[in-house]
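Worksheet: one structure, shown below.
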Amino acid sequence: MTITQNDTAGVTFGRRQCVIRIGNVSARASWRAIIVVAALLVGAFAIAVVAVGLGKYTVAPADVLGVLTGSNTSFDRVVVLEWRMPRMLMALLIGSALGISGAIFQALTRNALGSPDIIGVTSGAYTGALIVIAGIGGGYYAVAAGALIGGLVTAVLVYALSYRNGLAGFRLIVVGIAVSAVVNSVNQWIIIKIDFHTAVTASVWQQGTLSGQSWSQALPMTVCLVVMAAFLVAMGPQLPVLQMGDDAAGALGVRPDRARLAYLVVGVGLVALACAAAGPISFVALAAPQIARRLTASPGVGLVPSAVMGAVLLLVSDVIAQQVFSGSELPVGAVTVSLGGAYLIYLLISQARQR
Amino acid sequence: MEPPAQLTQRNRVVGLRIAVALLALTCVASLAIGTENVSVSTVWQAVTDYHDIGDQWIVHDLRIPRTVLALLVGLALGLSGTLIQAVGRNPLADSEILGINSGAALFVVFAIAFLGMTGIWTYIWFAFAGALFAMLLVYLVGMTGRATVTPVRVLLAGVAIGAVMDGVGYAVRLRNPQAFNNMRFWDAGALDARPLEVAAAIAPFVAVGAVLCLVVGRSLNVTALGDDLAKSMGGNVARTQILSLIAVTLLAGAATAGAGPIGFVGLMVPHAVRRFTGPDWRWILAYATAVAPALLLAADIVGRVIIRPAELPAGIVTAFLGAPVLIWLIRKRGADRS
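Sequence lines, in order, name chains A and B.
Residues in the first sequence are numbered from 79 upward in steps of one, following the numbering used here.
Residues in the second sequence are numbered from 9 upward in steps of one, following the numbering used here.
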């Protein structure tokens, strides 16, 4: 991996750029973005080290570091590695999946509010997952496949219903809100049909929760996420090109319709992965790309900063969900919906101020 | 030949009669149809000359409270939706979309979970406070800044605020499994298994709200012209807005306290009846008085029969029917306007 200063290219980008090169793959990034991403990663690690020690059996951060380096072999090792680490890891993975998905949708719709949790894709994925759980039964892959189908059907439905002489941003969002109202009704109906004990579980899951994660769930999730990330890397930087509009994208060698479809499938796929593992956690996909964009001061939403931001957001939300009430924990979705909803309100106010 | 104005007037009266007949029909159907169908003659006997025999108790103990509640809640939702659309000059709104029902529900959850209130007479006041709180919040967020206030902006503010309130309410409820189980069906906007006491408790508030609608009805037409023109025509915009605010608080709060959050009835009804009434808000309100309860009753009946012997709560059926209306409305507005 090499990082080179891009001053030799003779092109001014308005801010200091550099090129990161790993083998045949290279990417251009601003120094600010790199610093922000690095700072977020360090922050996420620090939070994870502190948070993994919290709970009924507390482990000091220094002892956690000892477990990670292998020098601490006491009971702390079981607590940290077996009990709490999978959940922490899932928070980071699911958060980054949601962050990337949100960035993809926001780039495709060219609107901060076009994220999958607002336009009903997350609810639709949850419907697919619920149908598999309540009707067919199956493991993680079956539930994820159901969520993928549910999410895709919803996304196509929203797209088709809002298409009329092109896509107007606000029409897409209002149609999405309407479709998610229908889809949420279906979800609620399925939950009512299930008996009470399952209903509490399904209802906790309906908010999105990370409790009860183990290594057996973390592994398939990681595999799928790596595959999708590799696919995104292979697609190259087509997303920023798409944001320039179809004509410019065509002139730059990107087939807009094909690229859009590929990104749509990946975007829904990432939501489906998250949904099958933890339920429809909302508003991380909305907030992460926007916060990342503001921190990196970049003109569009970037995939990598959004992923890291999403991971940090979900990790922090999960720590809050576990610690805010002593004794019992909240589903993390109840925290993200409150924090993310508040952020959405702020976004609406600031958009109104700007115009 | 009659002049067109009189002709329209006569059509409106005929249409209103048809709407009332429709309402009566749905009432009878609501008493007769369900998991156990009851013949109309038995319904008649149960209403006029009740004896505790046969299916009469089903009508008397289950269906009459349910139908009365649906009538009141439907009326409240229809009138509040019409008022919101008229005063806010926003065709994309009702009390559910703007998060007003969520606000009422959140405060009720607080009352039940933290203050241990269980009777409707105690927590209904919290429903009013919550409805008012949410409405003021949506107003502040949706109207802030220099940008023009568009219906979509207000709608998004309402959706965001509703989502936060639902999230907080859910978190509170989850910590109390008893409350969770009690309110699980209330969540989806179900009308069944509620004693007549609930209907009796919300009735006076719905009545006051309806009277306020009568009071402001005339000035709504002037308000619709815009603030400046309304003032120059001698309309008192502030008075209309404040009275409407009180009316919506009472109506949406009472509806939510009675049946839980039910969406889209208030959205659909004004658009559906405008084809027959024209733009006159007084007539729209009059039609809504008959059409909204009929719509909620019909939704409730559909919910009873569609997955027999289980039941689909009315709020789920109305979302099914109403969300397509929202989609149709936003498509109709055209690509250039947002």
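For glycine and all other residues, C-beta sits at the position ideal for the given N, C-alpha and C.
8 Å Cβ cutoff, residue i in contact with chain B
i	result
LEU132/A	no
VAL252/A	yes
ARG188/A	no
TRP267/A	yes
SER416/A	yes
SER108/A	no
GLN368/A	no
GLY419/A	yes
GLN401/A	no
ALA212/A	no
PRO318/A	no
ALA412/A	yes
GLN285/A	yes
SER263/A	yes
C-alpha gap between residue i and residue j, whole angstroms
i	j	result
PHE141/B	TRP293/A	45 Å
PRO383/A	GLY173/A	12 Å
TYR58/B	LEU77/B	20 Å
ARG74/B	ILE66/B	11 Å
LEU337/B	LEU329/B	13 Å
ILE41/B	VAL28/B	20 Å
ALA355/A	PRO298/A	10 Å
SER428/A	PHE248/A	17 Å
GLY380/A	TRP267/A	38 Å
CYS35/B	VAL253/A	33 Å
VAL304/A	GLY138/B	46 Å
ALA347/B	GLY82/B	Lying outside 9 to 346, the shown extent of chain B, residue 347/B is not represented and no answer is given.
GLY328/A	ARG242/A	22 Å
ALA399/A	MET166/A	13 Å
PHE284/B	VAL256/B	24 Å
PRO318/A	ARG338/A	12 Å
GLN285/A	ALA203/A	13 Å
ALA307/B	ALA208/B	22 Å
ILE105/B	ASP63/B	39 Å
CYS86/B	ILE169/B	Residue identity differs from the one stated: residue 86/B is Gly in this sequence, not Cys. Each residue's alpha carbon lies about 22 Å from the other.
ASP8/B	LEU123/B	This structure leaves residue 8/B out entirely; chain B is present only between 9 and 346.
VAL344/A	PHE309/A	8 Å
PRO47/B	ARG71/B	Here the sequence assigns Ser to residue 47/B, which means Pro is not the residue at that position. Cα-Cα distance, rounded: 13 Å.
ALA343/B	ALA129/A	Below a pLDDT of 50, predicted positions are generally treated as unreliable, and ALA343/B, at 40, falls in that range; the measurement from the model is reported next regardless. Roughly 48 Å separates the two Cα atoms.
ILE251/A	ARG282/B	26 Å
Beta strand (DSSP E) segment containing residue i, residue limits
i	result
ILE315/B	Looking at the DSSP string, ILE315/B is not in any beta strand (DSSP E), and its letter there is neither H nor E.
GLN434/A	Any answer about residue 434/A is impossible in this case: the structure gives chain A only from 79 up to 433.
ALA97/A	Sequence inspection shows Val at residue 97/A; the Ala mentioned does not correspond to that position. Element bounds for VAL97/A: 95-100.
ALA107/A	103-108
Burial state of residue i, where buried means 16 or more other Cβ atoms lie within 10 Å
i	result
MET241/B	exposed
SER110/B	buried
THR98/B	The displayed chain sequence assigns Asn, not Thr, to residue 98/B. Result: buried.
PHE123/A	exposed
ARG345/B	Low local confidence applies: a pLDDT of 47 at ARG345/B is under 50, so the model's placement there is unreliable, and no value is given.
PHE403/A	exposed
LEU334/B	buried
Neighbour flag for residue i against chain A, beta carbons, 8 Å
i	result
ARG202/B	no
TYR178/B	yes
VAL117/B	no
THR16/B	no
GLY271/B	yes
GLY347/B	Given a span of 9 to 346 for chain B in the structure shown, any question on residue 347/B remains unanswerable.
ILE92/B	no
PHE213/B	no
ILE36/B	Before going on, a small fix: residue 36/B reads as Val here, not Ile. No, VAL36/B lies away from the interface with chain A (no Cβ there is under 8 Å from its Cβ).
PHE328/B	yes
ARG312/B	no
SER346/B	Because the pLDDT at SER346/B is just 42, under 50, the model does not fix this residue reliably, and the value given afterwards should be weighed accordingly. Taking Cβ atoms only, chain A reaches closer than 8 Å to SER346/B, which makes this a yes.
Start and end residues, alpha helix (DSSP H) containing residue i
i	result
ARG339/B	322-340
GLY328/A	324-329
ASN45/B	Looking at the DSSP string, ASN45/B is not in any alpha helix (DSSP H), and its letter there is neither H nor E.
VAL116/B	108-122
Count the CB pairs spanning the region 252-264 of chain A and the region 123-140 of chain A that are closer than 8 Å, and state whether there are at least three.
no
So, do the region 282-296 of chain B and the region 226-245 of chain B have three or more beta carbon pairs nearer to each other than 8 Å?
yes
Below 8 Å, how does it come out for the region 420-427 of chain A and the region 207-221 of chain A: are there three or more Cβ pairs, yes or no?
no
If we count Cβ pairs, one from each stretch, closer than 8 Å, do we get three or more for the region 343-359 of chain A versus the region 176-191 of chain A?
yes
Contact the region 384-397 of chain A vs the region 109-118 of chain A: 3+ CB pairs below 8 Å
yes
Counting pairs of beta carbons, one from the region 137-146 of chain A and one from the region 366-373 of chain A, are three or more of them closer than 8 Å?
no
The region 205-222 of chain B / the region 244-260 of chain B touching (three or more Cβ pairs under 8 Å):
yes
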